[in-house]
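Each remark here refers to the structure printed beneath this line.
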Amino acid sequence: MQEEFLHYIWRFQQFHKNNLKTTDGQSISILKSGVLNSHSGPDFENCRLIINEIEWVGSVEVHVKSSEWDQHNHQFDESYDKVILHVVWENDKDVFRKDKTILPVLELKNLVFVNALKNYQNLQNSGQEFPCEPFFKDITAIARLDMLEKALASRLEMKAAILKDWLVGLNNDFEELAYRVFAQNMGFKLNSEAFLRLSENIPFKILKKHQQNIFQLEALLFGMAGFLANPQDDYAQKLNIEFEFLAKKYSIFENRLKRSEWRFLRTRPGNFPTIRLAQFAAILNKNHNLYSFFVETETKKELENGLKAEVSEYWKEHYDFGKISKKSPKIIGESSVNNIIINTISQILALTAYQKSNFGYFDRAIGFLTDTPAENNLIIRKFESLGLEINNAFDTQGIIQQYKYKCNPRKCLNCSIGIEILKREN
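Residue numbers (my numbering): 224 to 649.
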């Protein structure tokens, strides 16, 4: 027996309540089962009960065995003095609050609905990766949608919390934050760490002074990235001269990365870090207020237009310094745009919603994800094999969150689908 299951039983009142009594014979009527507490303190708050014809308002604590109250040292904690009922699977010991008053106990082991217990045991004993798999085809559309919505909201909240920590470290500079998150994203996994270090070594406030000059932007970015240490052609030489002047002006020369920190192996020329840096410079040149562009742009089409910036003339004919390519604008592709919407823009929008208490930004993030095609990876294909309809990045981001934090650790009791299964009649 797990305490988590008992939380479910109490939360959804999945037990017989006729002639309900405490272990010492006091009558119980449940007016309000309360709200599950995800922080420290008793498990359920704001509960209303009538015990022996007296109405009580307070908290409910849940354990498998009543003796766990003492094991967890609740008898020494004043915050547990407000507990009005101890709900347990088995009452093996009388326990007391800090003020020495005895706790009334409700023992559930002979009260839980048989179907709930049997369905719980089936989920727990399943050897399948997804315990819900045998039941999935019968799961209602409402439960499936509820699962995805809650998972996506959880993912955006989690990402926003991470970015909030970044923001604090940046003295609440939203523009610098947007620049760093975007820079990391432009590395597209292979070079994300190098891009992030680059953005840390050359603050956006410096680049912002040169945003209207693509040549100076490239000089600063390629110079700080370590690609100009040994110029390979005339253009690299010109960039290096400009870089050395600007680096001295801003005292940033010593913070340069080395070319060896960038990964070229096993990647197509179109994904070379040199091309990604040229695209990064072009996007910064096109969008002078990066943060505002991310959070105030209203349609996905406008985002695409802002991100699809042509690289400078040199990079239209090169994929590395001194290495010629067929001439093309080298605009970032559709899949890269979608990746940026998912991993940068939606997350910054979520952060903005919380920081500015304006959940229109949260809705905008959800709208962009809904308009963005579904991702394709192993986790998503596993859910497709269950029969889950997947339409867009709203769905796939929810799926990724659900798999990592609910399915993989087998937290079925915290999932809308798991809850529906437990309520099934056998």
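Note that beta-carbon positions come from the ideal geometry of N, C-alpha and C, so glycine has one too.
Do you know whose CA, among the options, lies nearest residue i's CA?
i: L309; options: K323, I623 and S282; result: The question names Leu, but residue 309 is His in the sequence shown. Of the listed residues, the one whose Cα sits closest to H309 is S282.
i: L480; options: W279, N408 and N414; result: N414
i: V534; options: F503, N561 and F544; result: F503
i: Y473; options: S551, G446 and R633; result: G446
i: H297; options: N314, I307 and K321; result: K321
i: G449; options: H295, K428 and R486; result: R486
i: N561; options: R491, I362, D457 and A616; result: A616
i: E278; options: F582, E557, L334 and N269; result: N269
i: V306; options: L243, V328 and S349; result: V328
i: K288; options: S263, F238, V318 and N599; result: V318
i: I563; options: D369, Y514, E521 and M409; result: M409
i: A406; options: K332, F427 and E276; result: F427
i: L371; options: L334, E301, K629 and G264; result: K629
i: R647; options: N345, I325 and I273; result: N345
i: I437; options: R587, F228, I565 and H511; result: H511
i: I385; options: N566, G583 and L645; result: N566
i: S659; options: E352, Y458, T363 and L572; result: Missing from the structure shown is residue 659; the chain here goes from 224 to 649 and no further.
i: I274; options: H295, G248, L601 and N260; result: G248
i: I475; options: L243, D586, L500 and I425; result: I425
i: A532; options: G545, Y458, I555 and N453; result: I555
For residue i, is the classification buried or exposed, using 16 other Cβ atoms within 10 angstroms of its Cβ as the cut-off for buried?
i: T575; result: buried
i: F606; result: buried
i: D266; result: buried
i: Q225; result: exposed
i: R650; result: Residue 650 falls outside the range modelled here, since the chain spans only 224 to 649, and no answer is possible.
i: G610; result: exposed
i: A442; result: buried
i: H433; result: buried
i: E643; result: buried
i: T595; result: buried
i: Q439; result: buried
i: V258; result: exposed
Verify the CB distance criterion: does residue i have a CB-CB separation below 8 Å to chain C?
i: A616; result: Of the protein chains in this structure there is only one, and it is not chain C.
With a CB to CB cut of under 7 Å and the five nearest residues on each side skipped, what residues in its chain are close to residue i?
i: I568; result: F517, L526 and F591
i: T490; result: L413
i: E330; result: T246, V311, E313 and N314
i: Y542; result: P492, F495, T497, I498 and S548
i: T520; result: L526 and G529
i: F238; result: I232, L331, L334, V335 and F336
i: D169; result: Given a span of 224 to 649 for the chain in the structure shown, any question on residue 169 remains unanswerable.
Could you name the residues of the same chain whose beta carbon sits closer than 6 Å to that of residue i, not counting the 5 residues immediately before and after it, in chain order?
i: E484; result: A417
i: L400; result: W389, L390 and L393
i: R271; result: L254, K255 and V280
i: R403; result: S422
i: G621; result: L371, A374 and L375
Between which residues of its own chain and residue i is the CB-CB distance below 8 Å, once the five residues before and five after are set aside?
i: A597; result: I603, I613, N614, N615, A616, D618 and T619
i: K387; result: L574, Y577 and Q578
i: D293; result: K316 and V318
i: F299; result: K321
- Task: Output the residue ranges of the beta strand (DSSP E) runs that lie fully inside the segment 284-325 and measure 3 residues or longer, sorted by chain position.
- Result: 306-313
- Message: Would you call the segment 611-628 in contact with the segment 365-375, where contact means no fewer than 3 C-beta pairs closer than 8 Å?
- Response: yes
- Would you be able to state if there are at least three C-beta pairs under 8 Å between the segment 463-470 and the segment 505-524? no
- Message: Assess contact between the segment 329-338 and the segment 354-366, defined as three or more Cβ pairs (one per stretch) separated by less than 8 Å. Is contact present?
- Response: no
- Is the number of C-beta pairs between the segment 378-386 and the segment 629-640 that are closer than 8 Å three or more? no
- Message: Restricting to runs no shorter than 4 residues, where is the alpha helix (DSSP H) found entirely within the segment 556-628?
- Response: 557-563, 569-578, 583-593, 601-609 and 616-625
- Item | Minimum length 4: unbroken alpha helix (DSSP H) runs contained in the segment 343-424 | 364-392, 397-409 and 415-424
- 3 or more residues per run - each beta strand (DSSP E) lying fully within the segment 493-560: 541-543
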